[in-house]
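Reviewing the structure listed below.
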Amino acid sequence: FNTIENSSYTTKSDKKQIIWNLSEMNFQDFLSSLGHLNKKWIAHAFGQAEDKLSFMLENEKLSISDIRDLKESGVNTIVSFSLDSSSIPVYQRNRMNFLFIPFVDYCNIALRKFAQILQLETNEKVLFHPFETKEWMGYQDLHER
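Each residue of the sequence shown is one higher than the last, beginning at 35 in this note's numbering.
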């Protein structure tokens, strides 16, 4: 089993982000482990193929300096529920992978499979909270609220 660790990170512009690190899996392995990716999902592998996965969920529009800041802190993949095509060249220039999951897939079987993979990695139930859909939440987080 791979281990997944999460940490909180605040960018220089005071945007708090949760970063997930899978120490033994790269972006392509991660996409492969999702199995039957929904055809509406969009994945761009701009990062180094051998880099281990470190990703964050884009919970608000990031500035170019935020993206550089995250890259410098080790993040190599952005996961988003919204697709802003103007951001894709910025991710490409900064050699960051990008995975777009349409919001309509929020309760879709493909997204549930994505949550199950995180669940297996964390050994903890992973929930996508409907009122704050752009933020990763685990079972413990739910009880702390």
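Think of the CB as a built atom: it goes at the ideal place given N, C-alpha and C, for glycine as much as any other residue.
Excluding residues up to 5 positions away in sequence, 61, 110, 111, 129, 130 and 131 lie with their Cβ nearer than 8 angstroms to the Cβ of residue 81 in the same chain. In this structure, the CA atom of residue 121 is about 11 angstroms from the CA atom of residue 114. Taking a C-beta distance under 8 angstroms as the contact criterion, residue 43 and residue 107 qualify as a contact pair. Inclusion of residue 134 and residue 75 in the CB contact set at 8 angstroms is warranted, their separation being smaller than that value.
Between the alpha carbons of residue 40 and residue 59 lies a distance of about 15 angstroms. Of the residues assessed, residue 88 falls on the buried side of the cut-off, its CB having 16 or more other CB atoms within 10 angstroms. About 6 angstroms separates the Cβ atoms of residue 151 and residue 67, confirming a contact at the 8 angstroms cut-off.
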